[in-house]
């Protein structure tokens, strides 16, 4: 890239941008005023003159040796050198300042110099920089340093430290080799740019020993002869010299530093300025725009300003433009550039009538990238108007470059009614979207068999169907012949392709039951659209242009493809220029009567015609029908019977047909007419209705009249087909019984007396009905008011005890599930029944506990809690918890723990080692807080051990289920946490992988967040354990939950947590205590700021010490917008909020959703009150993240 008159290689710019550049400064940098220091040769002359030893030309070829010889004469050569350099009036010059500027505007400033003067340090201090300075021989590690390195010593050291003589150079590069070691690692790690050297410098000769032959090393030079530099392994970067002036180098470095220091607003302004003047010719301006075109941010500044063909032609010569034609999708920055250029070309050139020709010339003969195709297709689709003439080439290019697997856009485009104005293009697009293609089919055999293929079409059936109805049907009056020809041609091609892929099978005709609309063809494909198109076009021709239509029918009748011949038969059925007799004669002449491929259409033609035809014509048909198929194949006698059945149904009054059909029926009494004689295959689908055979009151009256007859009526549906689509089913009968008994509970008592011993279904239905019934009470009503029908008193009152007496007489296995569920639910909200208060219910519950493995409504679920609440064991556990709660309330004053009988019931469930016991324990463990209150000793001995992972390995499965359920539904308090639950939670955190459920792990993190914020236990004791041992999923869930709960807290309460532990914990994490904060953690923790209004400045300072950023689904911006309260919050402390947002945006790589929307609102609120510098930074970061118009907010 050109900076003024210096063309700096891209590799050098990239190294500087990445913070991997070392500026290596020689004596030439200090020549110009006001420095005015000598180069090494003149330094030697000066020292020689002071020592009264004038060097010869030969001496100047090896000045280090000459100075060494002076030292051998006991001359203080180091002091003489220092005095010659240490000139009082010497000051840093522009080149020193340019070098420091260039270093400081890039990350990790690194400057190495062989000069003894201190001008680089002085220049850096004058610019407010505090760089580390290293002086030989105390050099840093060559691949890990920043600052200024005096490789050969500096004037602020004792003179003896200066590397001056050949002996000094030997120590530095050979014997002690501290300079060589530093350079070796530096050259290996960084790119290096030499400034102020010539290839003849003695210093460069020593450096060359450390350069090696490979590396990223450059030298700024005015010497056009690059051979010596390349011999040294250096790549020359040339700048011009005007006489003896090297100002071109200074100007170039200054410009490089200036452009690097620019913000996004500066670049946007500069690009707009350059673009406004047309394509540039000045090298610096050209290279600046070329660089901008390849930059993922600045390319957007270019595309929002560049207009006109000149700019398109200019951009087309850049390598980035080739992304518009690449079949591969680029990634990273290249993808952003490609998308920006693609959008620019489409919006400003493809869719612009004046600019379109230039774009067409560039794009017409090259393949398009997927992004280019998609963008142009979208633009054509989005416009409301019809496609004008000048856009037709673009439409054709889109069609011919369309991907085979992404054409919905073209299908939707075809649905626009504006195509009626351009039928020629509409036909072209329809042809394109209905072209047949091979597609992978379903493989049924072993893998060794050849894979199957089937015919597909380019378009989608839904959109093409819509297009046919909305666009093409209205075009039939003018374009029916073309549409018929197109449809027939596509069907023919599809048939040919299908025959090649599946020889011997006519998939197209097989998939279409009828040419006319038919319920059997409800599930449609693209082929159906083509068939409809051919049919509709043919029907229109027969009506509007009979002769042309008849000719088309004749052509179709002669086709090889059965589907096309079926179209011909369908057309004959509709012809008005042929009599019924002629139609029947045609069927016979074409030998179609038993043509299976055409059966439906032939039958439909016969059905419309035979009742209207003459006796002779009908007789001819019957004669042929009696003969049966004449194709030589042996057919079932049902084939002619089926035909006669059809003819008889079409003309029942025709005596001849009736006589012949009767004769066949008598010959084959086992035959019966089919529901669809015209079809050889039908498909039926629907939903099972589960209709109830009785209404509630009908069944009630039947039971009152005769329970045994009612029971028999109900049982009569036990054998009904549960999968038939209509009519009562066994499920419907049981539902009717439940509805009746829930309203008339006594009906269940009556029916119970007549049940068969094995009838568990009816018993189950009765129990579930009683569970919802209003037992032993009559609904109250206002005096004089008539009760609602559903609340009228039952003829016979039924008490819960009555129900329990009946149930107790039944086998427990038959009703266990229903009764346990009834006991657990305790009736309904409208009709509660307190089963847990009744001793008979408790005795029955004891008997209902399963002694063998049983299943519930959910079988072997990974979610043990879900299984438990749908299982008799879980229901019984819930029942006994209800009993405990009732007894505790009833005996509060004397309560001292679980009574023996209740403890025995609970112990039986807890100690049961079957899955029944497991499910009960899962449910009981979630009520830990309840039992710790009811009986602490029992809860500690029976429930607390369930949470321990140090049980047998066989119990790990149960522990996992216990914890999965507890983190979702568990109850606890501070006492329980202190008693050991917190330790158990932390142990589970360490074994989080054992939960085998990321959501459960995350929920445990949320529970621990609640403990940290809501519990009185000091979290500082266990947070280090969470930080070091928690998996990432749990850690992030914990952090996010802390943020959410802080936002829901009262500000004073949140501030108390800040003082209590949050500030200390957050600061410690930033300081890597007990481990470093990850970017994801820092980003999640940044949301804590929103919930700490009283401590926000201090919290924001902590955020600024991290690398936090916004993530894709971040809610930070949303929380700062949307209402007056949020706006007032922003204006109350605009500087803090601006700093917070700038920092988060700076750490963001993938912009959150709706970033432009939220930031625009935030900036509008902050602009009047926030410091302008911070606002500028915020806008700059917004522009970096894709909000190119942020400067205009």
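Residue numbers (my numbering): 1 to 1193. The beta-carbon is built from N, C-alpha and C at its ideal position, and this holds for glycine as well.
- When secondary structure is reduced to three states using DSSP, residue 819 falls in the helix class.
- Within the same chain, Cβ atoms closer than 7 Å to the Cβ of residue 568 are found at 553, 556, 557, the five residues on either side in sequence being excluded.
- Bounds of the beta strand (DSSP E) holding residue 147 are 147-150.
- For residue 321, the secondary structure class from DSSP, reduced to helix, strand or coil, is helix.
- When the Cα atoms are used, residue 716 and residue 702 turn out to be separated by approximately 14 Å.
- In this structure, the CA atom of residue 1004 is about 20 Å from the CA atom of residue 930.
- A straight line joining the alpha-carbon of residue 91 with that of residue 323 spans about 51 Å.
- Ranked by Cα distance from residue 711, the first of 697, 734, 728, 729 is 734.
- In the DSSP assignment, residue 113 falls within the unbroken beta strand (DSSP E) covering 110-113.
- Leaving aside the five residues that flank residue 971 on each side, the residues in its chain whose CB is nearer than 6 Å to its CB run, in chain order, 929.
- Taking residue 6 as the centre and dropping the five residues before and after it, the same chain places the C-beta of 239, 252 closer than 6 Å to its C-beta, in chain order.
- Sorting 463, 445, 441 by C-alpha distance to the C-alpha of residue 454 places 441 at the top.
- The count of Cβ pairs closer than 8 Å, one atom from the segment 932-946 and one from the segment 895-905, reaches three, so the stretches are in contact.
- No residue range can be given for residue 1089, since it is assigned to no beta strand (DSSP E) and is classified by DSSP as neither H nor E.
- By the Cβ rule, the segment 122-134 does not count as touching the segment 34-50, because fewer than three pairs are nearer than 8 Å.
- For residue 438, the enclosing beta strand (DSSP E) begins and ends at 436-440.
- Taking the Cα of residue 158 as reference, the smallest distance to any Cα among 13, 51, 82 is reached at 82.
- Sequence-distant partners of residue 833 (beyond 5 residues in either direction) whose C-beta falls short of 7 Å from its own C-beta, in its chain, are 775, 800, 826, 827.
- Our two residues, residue 31 and residue 1096, have alpha carbons roughly 54 Å apart in a direct line.
- In the DSSP annotation of this structure, residue 1169 is not part of any alpha helix (DSSP H), being labelled neither H nor E.
- Contact fails between the segment 325-340 and the segment 39-58, because fewer than three Cβ pairs, one in each stretch, are under 8 Å apart.
- The residue among 815, 978, 736, 769 with its C-alpha nearest the C-alpha of residue 757 is 815.
- When secondary structure is reduced to three states using DSSP, residue 195 falls in the strand class.
- Secondary structure remark: continuous alpha helix (DSSP H) runs of at least 4 residues inside the segment 833-903, in chain order: 839-848, 864-868, 872-890.
- Between residue 1111 and residue 1156, the CB-CB gap reaches or exceeds 9 Å.
- Annotation: residue 451 to residue 264 spans about 57 Å, alpha carbon to alpha carbon.
- By alpha-carbon distance to residue 113, the top candidate from 28, 231, 677 is 28.
- For residue 3, the beta-bridge partners assigned by DSSP are 6.
- Restricting attention to alpha helix (DSSP H) runs no shorter than 4 residues, the segment 260-315 encloses them at 264-275, 283-293, 298-303, ordered along the chain.
- Within the same chain, Cβ atoms closer than 7 Å to the Cβ of residue 293 are found at 299, 302, 315, 318, 320, the five residues on either side in sequence being excluded.
- Rounded to the nearest whole angstrom, the CA to CA distance from residue 699 to residue 647 is 47 Å.
- With a threshold of 16 other beta carbon atoms within 10 Å, residue 636 falls short and is exposed.
- Excluding the 5 residues flanking it on each side, residue 306 has same chain C-beta neighbours closer than 6 Å at 275, in chain order.
- Residue 590 carries a coil assignment under DSSP once its states are collapsed to helix, strand and coil.
- Judged by DSSP in its simplified three-state form, residue 135 adopts strand.
- Burial of residue 916 is indicated by the presence of at least 16 other C-beta atoms within 10 angstroms of its C-beta.
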